[in-house]
Amino acid sequence: MSDNLNDHNAKAKLLYEKIYNLWSHVGINDDGEEYRYPNSRSEVKKSKKILKKIHKLDVDDDYVIEWIEYIEETVKTADTKYPKYKDNIITALVFCLLSIVGIGILVSINTYKYPEIKYNPEWFVTTKSTDLLWNTVENKEDDVDIKTKVRIPKGSKLKPIALLNNKWFQVETSDGQRGFVPFEFLKGSDKVKAKKTVWTFKKIGGDRIDTIQAGTLAKVISRKTEKLRYKTESFLKVKLDDGRTRWVVEKNFNTLIFDSIPELNPEYNFETTNKAIHKNIIGDSLEGIEKKYGPATSYFKTKNNYQAYFKHLYVYSGKNKYRGLIVNINENNVADSSRLLHRTGRNFYAKLPLVSQLRGLEITKAFNYQFYLDNIPKMQWWEDFKAYSGWFTRLIAWAIKVGLFGLFLLLFYSMGRLIAGPFMQFFSYTRFLGNSSVKFVNFMIILIITYLLYLYIVLVADQWFFIGILAVGVAYYWYGMHSYTLTMDRCPSCHTIYSAIDMGTTEDGTSKSTSTQKVDEYVGTSVSYSGSTRVNQRNYIRWNKRTTDVYRNYTRNRMCKTCYHEWGVQMAEKIGSSTSYD
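First residue of the sequence shown: 1196, per our numbering; consecutive thereafter.
As structure tokens, this is what we get:
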């Protein structure tokens, strides 16, 4: 057994000597003796592997055990001294790839999902003759060439597709044509239900008479919009089952025909280019086109062809912007031509670099789930809050909405930090560039990533100013934090990051900064007369206001754990302020 132990001690000695000789940092201690120390993370990792072999041996020699403990302590200290470059870069790269994959999945799954629909067919029968409209907005231009005027006779059965602005139904006729009809022209439009217990009136603007309990059904006789003192309100004249006829506020009632019918988002738009349109539309079927760009707003028969209208498409061609697109579908259900509609002015951001390239890639398709409002979560309490007190609660709701939008943008821009992370980590951890060069390179990385994210949000939201201010603020914050880390924790000599030791501070005295501005002090009002006219004159004294700020100046001393280089970072802290007038 003794011989076996001696063999283990000898093997351990050979292994720890191998570790010691592996270390390339050689120095002389205070006693004039040579010592070694790991000079890189690679040497630390190799030392750990050899130590694992030593730990498997049955060592009992005190001298060998003492050396092993010394080696372990040295490796442990060196492990905290040298940053884990590879591990940190790999971690950042993994987060970057995950964020890119997440965006890819978001783009692939967010299709124009049609919400579930349940309706009463008897309600969607016309009560009078009406036109099937291809659009709900009167156009100022006369170049819209949809020649076929479809007339829907009284008693026609229609298939509902979607609701728009609680005024129009997008419907499909028995022969397959699609368009809009006013909801008042349908049988089910006169059926309403009270959301809550509400007051009734004998006439609009009159005194309250009695109440209608929540859940009560009523029949609409007429509708009227009245301009009141502070706001414009819509009213319904309803007839109850007990024979009463009353006026009520429309917002307190649900129109039952609207229930379960998907609602179109009137603010949704899809920006693209004429080049992309020709590439993705010509030669494709209507079903294929609708999968890419969303359901057609309307389509009408013209002899053997269809004309499909896509109102939500904003197409850029050359220096012009067009709102709306008509696609001609031939008898084989294949698109053979298209036509741009309604030329409008281009936005300011349309001239920014890379905007047209990104628009051509149609990257905003990740938000196509917003095509139907039903796919966007609703909060009824929020709608009730906005309507509670007219303009006041609407103003509060607007402020909250802006705040939440800003928070969303901050989170979105923070995702760019994950994408930029691997590149910034690479330049920060590698040693071939100085601190100034690394700051510049990482500044460019932050600038490019933030700019691309800014363009993406601009194309989705169709506005640029507020988004731009927030983008500049986020980029400035990122760069400030990163620049501070490089200044404080990256050695200016060997360029090792996170190797700095705090060596205390050195006081550099105080300094003062003075600013001056003109201020006026009101000293009373004097009265004078010009003929028989009395003139009141407000009198002021103008002062020079001087504000003096006092700063404490000091230097934070740093030392590199790797090369023992020392450097200082000058700092200033405001410690007081005084104001004088003369």
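C-beta atoms are modelled at their ideal positions from N, C-alpha and C, and glycine is treated no differently.
Exposed unless 16 or more other CB atoms sit within 10 angstroms - verdict on N1637: The C-beta of N1637 has 16 or more other C-beta atoms within 10 Å across all chains shown, which makes the residue buried.
Beta-carbon proximity check, F1364 vs I1456, cutoff 9 angstroms: In this structure, F1364 lies near I1456, with their beta-carbon atoms less than 9 angstroms apart.
Reduced DSSP category for S1694 - H, G, I as helix; E, B as strand; rest coil: Reduced to three states, the DSSP call for S1694 is coil.
Simplified DSSP assignment, three categories, for T1720: For T1720, the secondary structure class from DSSP, reduced to helix, strand or coil, is strand.
Reference T1468, options L1246, K1308, R1534, K1634, closest by Cα: Checked all of L1246, K1308, R1534, K1634; the closest Cα to T1468 is R1534.
For G1771, the residue or residues it bridges with in DSSP: DSSP lists V1745 as partners of G1771.
Y1649 (DSSP reduced to helix, strand or coil): Y1649 falls in the helix class under three-state DSSP.
Enclosing alpha helix (DSSP H) for Y1314 [first to last residue]: Taken as a continuous stretch (DSSP letters only), Y1314 belongs to no alpha helix (DSSP H), as it is neither H nor E.
Local conformation of E1264 per DSSP, three classes: Helix.
Whether Y1749 touches S1706 by CB criterion (9 angstroms): Contact check for Y1749 against S1706 fails: the beta carbons are separated by 9 angstroms or more.
When I1245, R1685, V1296 are compared against L1210, the one with the closest alpha-carbon: Selected option, being the one with the closest Cα: I1245.
Identified DSSP bridge partners for F1448: According to DSSP, which records beta bridges pairwise, F1448 is partnered with A1389.
K1835: first and last residue of the uninterrupted beta strand (DSSP E) it sits in: This structure cannot speak to residue 1835, because the chain is shown only from 1196 to 1777.
Assigned exposure category for V1221 - 16 Cβ within 10 Å defines buried: It is exposed - the Cβ of V1221 has fewer than 16 other Cβ atoms within 10 Å.
Test item: CB-CB of A1491 and R1373 under 9 angstroms: In contact: A1491 and R1373 (Cβ atoms closer than 9 angstroms).
Boundaries (first-last residue) of the beta strand (DSSP E) holding A1357: For A1357, the uninterrupted beta strand (DSSP E) run begins and ends at 1354-1359, by DSSP.
Beta-carbon separation (whole angstroms), K1740 vs V1764, contact threshold 8 angstroms: Contact between K1740 and V1764 does not hold, since the beta-carbon distance rounds to 34 angstroms and is not under 8 angstroms.
Which listed residue (K1434, T1411, N1216, G1513) has its alpha carbon closest to that of V1393: For the options K1434, T1411, N1216, G1513, the alpha carbon positioned closest to that of V1393 is the one of T1411.
Start and end residues, beta strand (DSSP E) containing G1222: Here the beta strand (DSSP E) through G1222 covers 1220-1223.
Counterpart residues of G1513 in DSSP-defined beta bridges: According to DSSP, G1513 bridges with nothing at all.
A1409 burial status per 10 Å Cβ neighbour count (16 or more: buried): Burial is judged here by how many other beta carbons sit within 10 angstroms of a residue's own beta carbon; A1409 has fewer than 16 and is exposed.
Whole-number beta carbon distance between N1449 and V1366, since they are thought to touch under 8 angstroms: Contact doesn't hold; Cβ gap of about 21 angstroms is too wide.
Residue(s) in a DSSP beta bridge with W1442: Answer is F1396, K1432, bridged to W1442.
D1569, buried or exposed, once every other Cβ within 10 Å from all chains shown has been counted against 16: Counting Cβ neighbours within 10 Å, D1569 comes out buried, since at least 16 surround it.
Residues near L1665 by beta carbon distance below 8 angstroms, same chain, minus five either side: Only G1601, L1604, L1605, Y1608 meet the Cβ criterion.
Limits of the unbroken alpha helix (DSSP H) element including F1627: Note, F1627: premise wrong, no alpha helix (DSSP H); not H, not E.
Residue from T1321, D1684, S1351 whose Cα sits closest to the Cα of S1384: Here the closest residue by C-alpha is T1321.
G1483 versus S1631: straight-line alpha-carbon distance, rounded: Here the alpha carbon of G1483 sits roughly 53 angstroms from the alpha carbon of S1631.
DSSP state of L1180 mapped onto helix, strand, coil: Any question about residue 1180 goes unanswered here, given that the chain covers just 1196 to 1777.
Enclosing alpha helix (DSSP H) for L1553 [first to last residue]: Counting along the chain, the alpha helix (DSSP H) containing L1553 begins and ends at 1550-1555.
is_contact[K1756, chain B] using C-beta, thresh 9 angstroms: Checking the listed chains, one finds no chain B in this structure; it contains a single protein chain.
Start-to-end residues for the beta strand (DSSP E) that takes in G1478: G1478 -> no beta strand (DSSP E), and no H or E assigned at all.
Cβ shell of Y1232 (< 6 angstroms), same chain only, five flanking positions each side left out: Around Y1232: W1218, H1220.
Of the residues K1422, T1427, I1407, the one placed nearest D1436, counting alpha carbons only: The shortest Cα separation from D1436 among K1422, T1427, I1407 belongs to I1407.
Spatially closest choice to D1405 from K1414, I1558, T1395, L1353, by CA coordinates: Comparing Cα-Cα distances from D1405 to each of K1414, I1558, T1395, L1353, the minimum goes to T1395.
Short Cβ contact (9 angstroms threshold) for N1315 with F1453: Against a cut-off of 9 angstroms, the Cβ pair of F1453 and N1315 comes out as no contact.
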